[in-house]
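**Student:** In order, the protein sequences belong to chains A and B. Per our numbering, the very first residue in the first sequence carries number 8; after that it's consecutive. Per our numbering, the very first residue in the second sequence carries number 34; after that it's consecutive. I'd like to ask some things about the structure below.
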Amino acid sequence: MLVETADRRLIISRRLRIPYCTMKKLLTLGVAALLAASFGACKKKGSDAYAGIDGDYVTGTPLPERVEGANFFGSNVTRGQFPPVYFAFDSISVSGSELEKVQQVGSAMKSMNQTLIIAGFTDERGTEEYNRGLGEKRAQAVRDLLISQGVSGGRIQTVSFGEEMPADSGSSESAWVKNRRVEFGVVK
Amino acid sequence: MKRAAILFVILASGLHGQEAATITIRKGDTTSVALKSLGGSEGAAATKVLQSDLDLSGWFVLTPPERGTYVIGGSASGGSLQGEVTDQRGSVVLQKTYSGGTRTAAHRFADDIVETITGHKGIASSKIAFAASRTGRKEIYTADYDGANVRQLTHDGAISVAPALSPDGSKLAYTGYQSGYADIYLIDLASGSRNRIVKFPGTNSGAAFSPSGSQIACTLSKDGNPELYVAGTSGSGARRLTRTRGVESSPTWSPDGSQIIYSSDERGGPQLFKIGAGGGSGQLISTGYNYCTEPSWSPDGRKVAFTARTGGFSVAVKDLQSGATTLVASGEDPAWGADSRHLIFSTGSSIVLFDAQTGRSVPIITGLGKVSEPTWSR
Numbered sequence: 008m009l010v011e012t013a014d015r016r017l018i019i020s021r022r023l024r025i026p027y028c029t030m031k032k033l034l035t036l037g038v039a040a041l042l043a044a045s046f047g048a049c050k051k052k053g054s055d056a057y058a059g060i061d062g063d064y065v066t067g068t069p070l071p072e073r074v075e076g077a078n079f080f081g082s083n084v085t086r087g088q089f090p091p092v093y094f095a096f097d098s099i100s101v102s103g104s105e106l107e108k109v110q111q112v113g114s115a116m117k118s119m120n121q122t123l124i125i126a127g128f129t130d131e132r133g134t135e136e137y138n139r140g141l142g143e144k145r146a147q148a149v150r151d152l153l154i155s156q157g158v159s160g161g162r163i164q165t166v167s168f169g170e171e172m173p174a175d176s177g178s179s180e181s182a183w184v185k186n187r188r189v190e191f192g193v194v195k
Numbered sequence: 034m035k036r037a038a039i040l041f042v043i044l045a046s047g048l049h050g051q052e053a054a055t056i057t058i059r060k061g062d063t064t065s066v067a068l069k070s071l072g073g074s075e076g077a078a079a080t081k082v083l084q085s086d087l088d089l090s091g092w093f094v095l096t097p098p099e100r101g102t103y104v105i106g107g108s109a110s111g112g113s114l115q116g117e118v119t120d121q122r123g124s125v126v127l128q129k130t131y132s133g134g135t136r137t138a139a140h141r142f143a144d145d146i147v148e149t150i151t152g153h154k155g156i157a158s159s160k161i162a163f164a165a166s167r168t169g170r171k172e173i174y175t176a177d178y179d180g181a182n183v184r185q186l187t188h189d190g191a192i193s194v195a196p197a198l199s200p201d202g203s204k205l206a207y208t209g210y211q212s213g214y215a216d217i218y219l220i221d222l223a224s225g226s227r228n229r230i231v232k233f234p235g236t237n238s239g240a241a242f243s244p245s246g247s248q249i250a251c252t253l254s255k256d257g258n259p260e261l262y263v264a265g266t267s268g269s270g271a272r273r274l275t276r277t278r279g280v281e282s283s284p285t286w287s288p289d290g291s292q293i294i295y296s297s298d299e300r301g302g303p304q305l306f307k308i309g310a311g312g313g314s315g316q317l318i319s320t321g322y323n324y325c326t327e328p329s330w331s332p333d334g335r336k337v338a339f340t341a342r343t344g345g346f347s348v349a350v351k352d353l354q355s356g357a358t359t360l361v362a363s364g365e366d367p368a369w370g371a372d373s374r375h376l377i378f379s380t381g382s383s384i385v386l387f388d389a390q391t392g393r394s395v396p397i398i399t400g401l402g403k404v405s406e407p408t409w410s411r
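As structure tokens, then:
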């Protein structure tokens with residue numbers, strides 16, 4: 008079992024392209040809380056049984072109910088209060104200066120009581136539906152980082168626009184680097 | 034006629050990288066049929082539709098009457114068509130009256146000809162749908178399989194994407210952003226009535242109808258990660274299928290509805306996996322490509338078409354029996370037709386009807402801006 012656990016950490020670490028030390032820190036800080044929250048939520052649902060003994064992942068913290076009428080690109084959401092977080096192609100890894108941006112959002116969230124919407128985006132390359140999933144995964148990865156910083160997951164919504172609504176409508180690497188991003192919106 | 038005796042077609046044009054697909058065309062794959070001009074006031078129009086359908090089907094070579102293994106004739110007027118097919122001895126092998134307008138009647142006659150002579154289901158009566166950016170925001174459009182009768186279905190002014198036609202073509206599910214979030218909507222195409230059927234927190238997208246049309250598989254992120262779920266077509270009873278750290282997307286059902294192939298990036302780049310529709314654990318389907326998305330399982334169950342990253346993006350077909358994967362064209366988002374022979378896919382500026390047996394490519398939708406995510410009724 009110990010061996011399997013170690014393997015799995017390596018797999019997670021490789022998948023997220025996060026340095027192992029950061030991953031370890033994340034795991035120790037966040038996983039206990041994540042597990043507790045996920046199990047709690049699943050117990051409530053009852054019928055949502057686990058797949059079996061083959062092994063899987065208890066991933067993420069369930070999203071809170073939506074704030075009705077909170078449209079990310081609408082007038083009831085303030086965008087641009089925090090700078091976007093950028094990603095490499097087909098990656099959900101947040102590191103270096105991008106991680107600092109997330110930490111600043113986390114610090115600010117602690118002195119605010121509004122709900123945050125994290126919107127995920129991709130560049131135009133690749134197929135649309137996978138990119139919607141990838142954009143969502145980027146938003147969820149940033150949400151997980153905020154939760155590990157101590158922000159309540161109940162205050163953070165996500166949405167993915169995939170390759171739609173690009174920041175730069177060009178078709179070159181200089182446009183693509185601006186489009187692989189998550190943006191933050193604060194619900195008024 | 035156009036496609037006689039070409040032995041090798043090299044699909045080098047437009048394919049990125051070094052991989053050029055070679056498709057072998059065997060002369061014996063086609064049956065010679067003679068189409069006599071249909072009589073009646075709408076005979077000329079019906080003949081034109083029928084000729085196009087028989088040609089696009091890929092199964093036939095059109096010949097003069099004396100050389101046809103089968104002779105097709107009939108008459109069309111008042112929106113209905115009387116069709117007849119005879120063999121070389123003059124015996125009637127198909128005789129039927131069709132209604133519903135000249136085009137519809139001719140399409141139905143063409144499908145019956147295909148089924149009678151080849152035993153395969155035809156594609157002439159099928160419908161397609163896709164997303165197009167013509168108006169500035171993506172909206173859903175529908176059309177006949179040959180690109181005729183294009184109609185803008187949604188006028189949401191938001192983002193409307195990922196259309197999925199039910200197998201019988203009566204319903205369309207799509208992903209719409211009117212609420213500010215991605216939700217799944219279901220439209221009854223006959224009445225035009227629309228319901229928002231999946232609206233969990235997060236992103237709800239990529240609905241795919243089960244073969245019976247009674248269930249949808251889709252990607253939901255409500256539990257903190259994009260995962261696959263199966264729900265009723267009212268959106269009720271969503272049941273989670275996958276539990277990974279990756280992104281699951283683009284489910285496609287086996288013909289009997291018992292299994293689902295999908296794309297997951299839990300091992301790095303997105304790969305194809307197979308899982309029981311009732312649950313289980315995903316099994317990797319190896320293809321040799323490290324970016325495999327948007328699979329479509331053929332109605333005969335034998336093949337899966339998908340998008341592979343090859344420098345650019347290519348349509349690839351994996352034969353599930355032999356295990357071989359072949360790049361067939363440059364494009365994205367392939368969807369199989371009812372005959373398990375034709376694909377439609379997007380090239381960005383057009384939707385192409387592609388014969389996977391001969392490599393013949395016919396643009397059917399152009400001039401609507403960026404066109405994407407075609408779906409095909411069966």
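All C-beta atoms in this analysis are idealised placements derived from N, C-alpha and C, irrespective of residue type, glycine included.
Please report whether the beta-carbon of N182 of chain B lies at a distance below 8 Å from any beta-carbon of chain A.
**Tutor:** Locating residue 182 of chain B in the second sequence gives position 149, counting from the first residue. Closer than 8 Å: no.
**Student:** Hey, is the stretch 92–107 of chain A in contact with the stretch 172–190 of chain A, meaning 3+ C-beta pairs nearer than 8 Å?
**Tutor:** yes
**Student:** For E190 of chain A, go through chain B and note every residue whose CB falls closer than 8 Å to its CB, in chain order.
**Tutor:** Sequence index remark: in the first sequence, residue 190 of chain A carries index 183 (1-based). From the beta-carbon of E190 of chain A, no residue of chain B is found nearer than 8 Å; the closest lies around 13 Å away.
**Student:** Are A176 of chain B and I318 of chain B close, meaning C-beta to C-beta below 8 Å?
**Tutor:** Position 143 of the second sequence, counted from the start, is the residue given in the question as residue 176 of chain B. Position 285 of the second sequence, counted from the start, is the residue given in the question as residue 318 of chain B. No, the pair does not count as a contact, with Cβ atoms beyond the cut-off.
**Student:** If you follow the alpha helix (DSSP H) that E131 of chain A is in, where does it begin and where does it stop?
**Tutor:** Residue mapping note: residue 131 of chain A aligns to position 124 of the first sequence, counting from 1. Following the DSSP letters along the chain, one finds E131 of chain A in no alpha helix (DSSP H), marked with neither H nor E.
**Student:** Quick one: what does DSSP say N228 of chain B is sitting in, helix, strand or coil?
**Tutor:** Sequence index remark: in the second sequence, residue 228 of chain B carries index 195 (1-based). Here N228 of chain B sits in strand by DSSP.
**Student:** With 8 Å as the threshold, decide whether the Cβ of E172 of chain B is near any Cβ in chain A.
**Tutor:** Taking the first residue of the second sequence as 1, we reach residue 172 of chain B at position 139. Answer no: the Cβ-Cβ gap between E172 of chain B and chain A never drops below 8 Å.
**Student:** At a CB distance below 9 Å, what residues from the stretch 85–97 of chain A approach chain B? Give them in sequence order.
**Tutor:** D97
**Student:** For Q111 of chain A, return the contacting residues in chain B, with the cut-off set at a CB-CB distance below 9 Å.
**Tutor:** The residue given as residue 111 of chain A occupies position 104 in the first sequence. The premise fails here: Q111 of chain A is roughly 23 Å from chain B at the closest Cβ pair, so nothing lies under 9 Å.
**Student:** For a quick check, are the C-beta atoms of G315 of chain B and F306 of chain B less than 8 Å apart?
**Tutor:** Counting from one through the second sequence, the residue named residue 315 of chain B turns up at place 282. Counting from one through the second sequence, the residue named residue 306 of chain B turns up at place 273. The answer is yes: Cβ separation under 8 Å.
**Student:** If you follow the alpha helix (DSSP H) that D86 of chain B is in, where does it begin and where does it stop?
**Tutor:** Numbered from its first residue, the second sequence carries residue 86 of chain B at position 53. Where D86 of chain B is concerned, the enclosing alpha helix (DSSP H) stretches over G76 to S90.
**Student:** By the 9 Å beta-carbon criterion, what residues does the stretch 209–232 of chain B contribute toward chain A?
**Tutor:** Y210, Q211, S212, G213, Y214, A215 and K232
**Student:** Using three-state DSSP, classify D175 of chain A as helix, strand or coil.
**Tutor:** Residue numbering aside, residue 175 of chain A sits at position 168 when the first sequence is read from its first letter. Note: D175 of chain A maps to coil in three-state DSSP.
**Student:** Against G67 of chain A, what residues of chain B qualify as contacts under a CB-to-CB distance less than 7 Å, listed in chain order?
**Tutor:** Walking along the first sequence from the start, residue 67 of chain A turns up at place 60. Near G67 of chain A (Cβ distances below 7 Å), the residues of chain B are D256, G257 and N258.
**Student:** Once DSSP output is grouped into helix, strand and coil, what is the label at F142 of chain B?
**Tutor:** For the purposes of this step, residue 142 of chain B is taken as the residue at position 109 of the second sequence. Correct three-state label for F142 of chain B: helix.
**Student:** Any C-beta of chain A within less than 8 Å: which residues of the stretch 281–306 of chain B qualify?
**Tutor:** Listed by position along the chain: E281, S282, S283, S296, D298, E299, R300, G301, G302 and P303.
**Student:** Considering only their Cβ atoms, is the gap separating G290 of chain B from S243 of chain B smaller than 8 Å?
**Tutor:** For the purposes of this step, residue 243 of chain B is taken as the residue at position 210 of the second sequence. For the purposes of this step, residue 290 of chain B is taken as the residue at position 257 of the second sequence. Result yes, Cβ atoms of S243 of chain B and G290 of chain B sit closer than 8 Å.
**Student:** How about K144 of chain A: is its C-beta nearer than 8 Å to some C-beta of chain B?
**Tutor:** Your numbering for residue 144 of chain A matches position 137 in the first sequence. The beta carbon of K144 of chain A falls within 8 Å of a beta carbon belonging to chain B, placing the residue at that interface.
**Student:** Rounded to the nearest angstrom, what separates T63 of chain B and G400 of chain B at their Cα positions?
**Tutor:** In the second sequence, the residue the question calls residue 63 of chain B occupies position 30. In the second sequence, the residue the question calls residue 400 of chain B occupies position 367. Computed Cα separation, rounded: 33 Å.
**Student:** Counting only Cβ pairs nearer than 8 Å, list the residues of chain B close to Q156 of chain A.
**Tutor:** Here the question's residue 156 of chain A lines up with position 149 in the first sequence. The contacting residues do not exist; Q156 of chain A stays about 16 Å from chain B at best.
**Student:** Would you mind giving the Cβ-Cβ distance between L95 of chain B and F142 of chain B, rounded to the nearest angstrom? I have them listed as a contact below 8 Å.
**Tutor:** The residue labelled residue 95 of chain B in the question sits at position 62 within the second sequence. The residue labelled residue 142 of chain B in the question sits at position 109 within the second sequence. At roughly 15 Å, the Cβ-Cβ gap does not stay under 8 Å, so L95 of chain B and F142 of chain B are not in contact.
**Student:** At least one CB of chain B closer than 8 Å to the CB of Q121 of chain A: is that the case?
**Tutor:** Against the first sequence, residue 121 of chain A aligns to sequence position 114. Chain B, which has no Cβ nearer than 8 Å to the Cβ of Q121 of chain A, makes this no.
**Student:** Mind checking whether I125 of chain A and V149 of chain A have CB atoms under 8 Å apart?
**Tutor:** As a first step, residue 125 of chain A must be located in the first sequence, where it is residue number 118. As a first step, residue 149 of chain A must be located in the first sequence, where it is residue number 142. Yes, the Cβ-Cβ distance between I125 of chain A and V149 of chain A is below 8 Å.
**Student:** Identify the continuous alpha helix (DSSP H) that holds A115 of chain A and give its terminal residues.
**Tutor:** By 1-based counting over the first sequence, the position of residue 115 of chain A is 108. Per DSSP, A115 of chain A belongs to the alpha helix (DSSP H) from S104 to K117.
**Student:** Can you round the beta-carbon distance between A26 of chain B and A241 of chain B to whole angstroms, since I take them to be within the 8 Å contact cut?
**Tutor:** Residue coverage of chain B in this structure runs from 34 to 411, which leaves residue 26 of chain B outside it and unanswerable.
**Student:** Taking only three categories from DSSP, how would you classify A176 of chain B?
**Tutor:** One-based indexing of the second sequence puts residue 176 of chain B at position 143. If DSSP states are grouped into helix, strand and coil, A176 of chain B belongs with the strands.
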